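Participant: Quick note: the sequence shown, position 8, residue 9 per UniProt numbering, numbers continuous. This is the structure I want to talk about, given as structure tokens.
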Amino acid sequence: TTYKIAVLPGDGIGPDVTAEAIKVLEALKQQDPDFKIEFRPFEWGSEYYLEHGRIMPEDGLDQLKSFDAILFGAVGDKRVPDEITIWELIMPIRKNFQQYVNMRPIRRLAGIESPLKNEQPIDFMVFRENAEGEYSNIGGRLYQQQSQEMAIQNTVITKQGVERIAKYAFEYARKNKKSKVTSATKSNAIIHSMKLWDEVVKEVAEDYGEIELESNFIDALAAYFVMRPESFEVVVASNLFGDILTDLGAALVGGLGVSPSGNINPDRTFPSMFEAIHGSAPDIAGKGIANPIAQIWSAALMLDHLGRPDLSTAIVDAIEQVLQEGRVLTPDLGGTSTTQELGSAIAEKVQQL
Ligand code: NAI
Ligand code: MG
Numbered sequence: 002t003t004y005k006i007a008v009l010p011g012d013g014i015g016p017d018v019t020a021e022a023i024k025v026l027e028a029l030k031q032q033d034p035d036f037k038i039e040f041r042p043f044e045w046g047s048e049y050y051l052e053h054g055r056i057m058p059e060d061g062l063d064q065l066k067s068f069d070a071i072l073f074g075a076v077g078d079k080r081v082p083d084e085i086t087i088w089e090l091i092m093p094i095r096k097n098f099q100q101y102v103n104m105r106p107i108r109r110l111a112g113i114e115s116p117l118k119n120e121q122p123i124d125f126m127v128f129r130e131n132a133e134g135e136y137s138n139i140g141g142r143l144y145q146q147q148s149q150e151m152a153i154q155n156t157v158i159t160k161q162g163v164e165r166i167a168k169y170a171f172e173y174a175r176k177n178k179k180s181k182v183t184s185a186t187k188s189n190a191i192i193h194s195m196k197l198w199d200e201v202v203k204e205v206a207e208d209y210g211e212i213e214l215e216s217n218f219i220d221a222l223a224a225y226f227v228m229r230p231e232s233f234e235v236v237v238a239s240n241l242f243g244d245i246l247t248d249l250g251a252a253l254v255g256g257l258g259v260s261p262s263g264n265i266n267p268d269r270t271f272p273s274m275f276e277a278i279h280g281s282a283p284d285i286a287g288k289g290i291a292n293p294i295a296q297i298w299s300a301a302l303m304l305d306h307l308g309r310p311d312l313s314t315a316i317v318d319a320i321e322q323v324l325q326e327g328r329v330l331t332p333d334l335g336g337t338s339t340t341q342e343l344g345s346a347i348a349e350k351v352q353q354l
């Protein structure tokens, strides 16, 4: 079979890092003649919005739904409100394609310096609930008189929503012989929605007797991420908690420039989407110095999802070797190389493995 990939490079550094991910995937083709993959670019993003008054065509989702997966760069541009870029492009894809699992590996690759002195390996998986929770658009602004203005933003936590993300986390733990799942909560203060979260996670855990459930309040958990990151194996969190935890986790293992993610539709009724966790990085856009590793690693997660864990591992091994050699590094990793140089070094390495 030929994998058909929709590519949405987006804004800022999105196109630069996505081009390098494709370079590495193309290199794999030469390595394995049975590996067939095709890319179709979609130029949706802020430029498209400024020209057409919408960020994707009306039938945009229809155009994407028959692909095997989506490789997404990043969106965000000073000229376009984030409400548009996030809520009219990323969120509709995540929600309509039922990508309710956001997977974010937090793993320190060899050759990456961590701000932590502790040299123990950091290697765990965070599953962030990706379809509901705090990122709902229910709510609004009340009392338009300035002095009394007020905003309400509701959190949506459903039993079914928590059940499926918790199950996914526990299934992953079982499959990968992990002994513990950590749940991020705040049910001491957020007494309605987070209590339901706790109850459902606990119920799901009962079906996985061999796996321990650890439940931590989000504030303490943030501290534990720094104090004992080596103790985590699998973490399950709501949309907002997972978002914050994973940027913190990313900072422990090399920063936003190296951290990948997958928005997974476990039922495979629609394509899943893979993207670096960073945004469009306007501060370095156009300079050619963005680190492409996060996006290349995201492409590796995509191959795993498509059923080629062997090629996925080959990419991560290639990244790790290039990092360890330390000759070709972008400025965020302490080097002076460009996005393209680092991408090429990884593409060459993957062909040598
Ligand atoms: P950001 O992730 O774009 O940048 C944060 C910091 O990390 C910046 O200093 C940036 O230079 C650095 N950085 C990010 N990626 C890097 C890379 N590959 N190599 C080297 N350094 C890198 O987050 P920020 O500044 O909060 O947001 C910028 C725009 O991106 C906003 O419009 C935001 O809404 C959007 N955004 C989009 C996301 C998406 O498309 N999924 C996710 C997060 C933010
Ligand atoms: Mg984030």
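Even glycine gets a Cβ: it sits at the ideal position worked out from N, Cα and C. As the structure is a computational prediction, the values presented were derived from the model and not from experiment.
In the structure shown, what three-state DSSP assignment does Gln-147 receive?
Facilitator: In the structure shown, Gln-147 sits in a helix (DSSP, three-state: H, G or I).
Participant: Closer than 6 Å to a non-hydrogen atom of the ligand NAI - does that hold for the CB of Ile-71?
Facilitator: Result no, Cβ not under 6 Å from the ligand NAI.
Participant: Starting from the N-terminal end, write out each residue whose C-beta falls within a distance shorter than 5 Å of any non-hydrogen atom of the ligand NAI.
Facilitator: Any residue whose Cβ sits closer than 5 Å to a heavy atom of the ligand NAI makes the list: Ala-75, Val-76, Gly-77, Asp-83, Leu-257, Gly-258, His-279, Gly-280, Ser-281, Ala-282, Asp-284, Ile-285, Ala-291, Asn-292, Asp-333.
Participant: Taking Asp-69 as the reference, give the member of Ser-273, Asp-268, Ala-221, Ala-152 with the closest Cα.
Facilitator: That would be Ser-273, whose Cα lies nearest to the Cα of Asp-69.
Participant: Can you list, in chain order, the residues of its chain whose CB lies under 8 Å from that of Leu-65, leaving out five sequence neighbours each side?
Facilitator: Around Leu-65: Ala-7, Phe-43, Ile-71, Ile-94, Phe-98, Pro-272.
Participant: Give me the Cβ distance between Val-236 and Leu-246, rounded to the nearest whole Å; I'm assuming they're in contact under 8 Å.
Facilitator: Rounded, the Cβ-Cβ distance is 7 Å, consistent with contact.
Participant: In or out: Gly-54 buried (at least 16 other Cβ within 10 Å) or exposed?
Facilitator: Classification of Gly-54: exposed, given that the 10 Å Cβ count is below 16.
Participant: What's the gap between the Cα of Pro-230 and the Cα of Lys-176?
Facilitator: Roughly 22 Å between the two C-alpha positions.
Participant: If the criterion is Cβ atoms closer than 7 Å, does the pair Ile-320 and Ile-347 meet it?
Facilitator: Yes, they are a contact pair.
Participant: Rounding to the nearest angstrom, what Cα-Cα distance links Ile-191 and Glu-164 in this structure?
Facilitator: Using only the alpha carbons, I get a separation of about 19 Å.
Participant: Can you tell me the Cβ-Cβ gap for Gly-335 and Val-329, rounded? I've got them flagged as a contact below 8 Å.
Facilitator: Not confirmed; about 12 Å, so no contact.
Participant: How about residue 1 and Ala-22: do their beta carbons lie closer than 7 Å?
Facilitator: This structure leaves residue 1 out entirely; the chain is present only between 2 and 354.
Participant: Figure out for me which residue from Glu-84, Gln-145, Glu-114, Met-104 has the closest Cα to the Cα of Ser-137.
Facilitator: Minimum Cα distance to Ser-137 is reached at Glu-84.
Participant: Could you please give the first and the last residue of the uninterrupted alpha helix (DSSP H) stretch that includes Glu-172?
Facilitator: Counting along the chain, the alpha helix (DSSP H) containing Glu-172 begins and ends at 160-176.
Participant: With a threshold of 8 Å, are at least 3 pairs of Cβ atoms found where one atom belongs to the region 110-121 and the other to the region 300-312?
Facilitator: No, they do not touch.
Participant: Roughly how many whole angstroms lie between the Cα atoms of Thr-183 and Thr-86?
Facilitator: Each residue's Cα considered, the two are about 32 Å apart.
Participant: Report buried or exposed for Ala-75, applying the criterion of at least 16 other Cβ atoms within 10 angstroms of its Cβ.
Facilitator: Label assigned to Ala-75: buried.
Participant: In chain order, what residues of the same chain have a beta carbon less than 7 Å from the beta carbon of Asp-333, not counting five sequence neighbours either side?
Facilitator: Here the set comprises Gly-256, Gly-258, Asn-292.
Participant: Could you spell out the range, first to last residue, of the beta strand (DSSP E) harbouring Tyr-4?
Facilitator: First-last of the beta strand (DSSP E) with Tyr-4: 3-11.
Participant: Quick one: what does DSSP say Ile-320 is sitting in, helix, strand or coil?
Facilitator: It is helical.
Participant: Output the distance between the C-alpha atoms of Lys-187 and Phe-128, rounded to the nearest integer angstrom.
Facilitator: Roughly 17 Å between the two C-alpha positions.
Participant: Shorter than 6 Å, the distance from the beta carbon of Ile-14 to the closest heavy atom of the ligand NAD, or not?
Facilitator: Ligands displayed in this structure: the ligand NAI and the ligand MG; the ligand NAD is not among them.
Participant: Identify whether Gly-134 lies in helix, strand or coil by the three-state DSSP scheme.
Facilitator: Strand at Gly-134.
Participant: Please check the pair Phe-107 and Ala-223, which I expect to be a contact at CB under 8 Å, by giving their CB distance rounded to whole angstroms.
Facilitator: The amino acid at residue 107 is misidentified as Phe; the sequence shows Ile. Contact flag wrong, Cβ pair sits at about 13 Å.
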